[in-house]
Amino acid sequence: MVYMGNMNVKQHSLLVAGTGIALGLLAIVNVAGATHSWNNASGNPYHWARASNPFTLKLGDNVTSAWDVYLATTTAHWSESSVLNTTIVAGNTNNTKGRYTPKQCAPTLGRGEVCNYRYGANGWLGMATIWASGTHITQGTAKMNDTYFNTASYNTLAWKNLVMCQEVGHIFGLDHQDEKSDNANLGTCMDYTNNPDTNQFPNAHDYEMLEDIYAHLDSPTTVSASTPPGSGRAAEDSNDSDDPRDWGREIRRSADGRASLFEKDFGNGQKVLRHVIWAEPRGNH
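Sequential numbering of the sequence shown, starting at 0, is according to numbering that gives the first Met the number 0.
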């Protein structure tokens, strides 16, 4: 047996293996310890104001029958959170006066609206928009672009589950856990990927992040509210446009160009923010 100082080969191998395990555990801890909430850098993440937990957020169903199963699956998984539940209600994009259409995906105060439509070959696969008064979310929309989901590349159960789950998750105030598509999958829909098979649903860290975001209570509430708080200028802007020229300034882009965050600032804490996931690398559009 060969000795290394006072350590034999077997002992050295065990030490190396133990170090590898420790480093692996450290990597897991670092991932789990990451934060992924909108506006987290400020320490005041965007969230729905509510007086108690768990609260229930209504999601308007403006999707076609082909998407109903994905919306139902998404709401079931997010409702496993200890701080929030979701319930599907009739969508509000087609009201009695015919003012809105699914293409517009107009927001409704106090809840989220979920839509799908052939929005065009404009580069984006999914989009989530929140209207905020200070750090309180007042309304939100999640849009799926069928122009891409009707193609062989994206017309799959896994891609539809991932994007639906991710865009709805943004409405709650969650950001992405990772934005490099070629990194190993983290097992969450809040992770960018080139292969969504294991990234279709929330994971434990998403639920933990929601608990952190909603650790305190608020008064008054913005859930099911019918009048905008504050000046209401952001809440009154129902222009959920498909045109990037209407999205305000781009304030962040992922390293691989597959994700962007846009902001329209109306002053006095009134903002509209959009998370965009691109169907292909941003540079191709």
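C-beta: ideal position from N, C-alpha, C; glycine also.
When secondary structure is reduced to three states using DSSP, Q165 falls in the helix class. In the DSSP assignment, the residues bridged to Y116 are N144. In the structure shown, R251 adopts extended strand secondary structure according to DSSP, grouped into three states. Within its own chain, the residues whose Cβ lies closer than 6 Å to the Cβ of G125, once the five positions on either side in sequence are excluded, are M143, V162, E166, I276, listed in chain order. With distances taken between CA atoms, T134 lies nearest to I170 out of K57, H204, I170. In this structure, DSSP gives F200 a state outside helix and strand, which the three-state scheme calls coil.
Per DSSP, the beta bridge partners of V271 are W130, K263. Taking 3 residues as the minimum length, the beta strand (DSSP E) runs contained wholly in the region 32 to 101 are 54 to 61, 83 to 89, in order along the chain. Of the residues S78, S80, A120, Q138, the one whose Cα lies closest to the Cα of T221 is Q138. DSSP places W277 within a strand segment (E or B) once states are collapsed to three.
Assigned with DSSP and collapsed to three states, A183 falls in coil, not helix or strand. When rounded, the separation of the alpha-carbon atoms in S132 and H46 is 10 Å. Using a Cβ distance threshold of 9 Å, S180 and L108 do not count as a contacting pair. The beta-carbon separation of R273 and T128, rounded to 5 Å, stays under the 8 Å limit for a contact.
When secondary structure is reduced to three states using DSSP, W158 falls in the helix class. Collapsing the DSSP output to three states places L209 in a helix.
The residues A157, W158, L161, in chain order, have a CB closer than 6 Å to that of P195 in the same chain once the five nearest residues on each side in sequence are set aside. Counting only the Cα atoms, A141 lies some 11 Å from Y116.
Around the beta carbon of R49, 16 or more other beta carbons lie within 10 angstroms, which makes this residue buried.
Under the three-pair Cβ rule at 8 Å, the region 239 to 258 does not count as touching the region 65 to 80.
S259 is the residue among S259, W66, P106, A120 whose C-alpha sits nearest the C-alpha of D177.
The C-alpha of M189 is placed about 9 Å away from the C-alpha of N202. Comparing alpha-carbon positions, the option among S253, K263, A254, G256 lying closest to G247 turns out to be K263. The criterion of a C-beta distance shorter than 9 Å is satisfied by Y191 and D255. Residue pairing of A258 in beta bridges, as defined by DSSP: I276. The beta carbon of D60 lies closer than 8 Å to those of D67, L70, I87, V88, A89, G90, V113 in the same chain, with the five residues before and after it left out. Between Q103 and T85, the CB-CB gap reaches or exceeds 9 Å. Taking C-beta atoms under 8 Å as the contact rule, W37 and G172 qualify, at a distance of about 5 Å. Secondary structure at D245: helix, using DSSP grouped into helix, strand and coil. Sequence-distant Cβ neighbours of F54 in its own chain, meaning closer than 6 Å and more than five residues away, are L83, V222.
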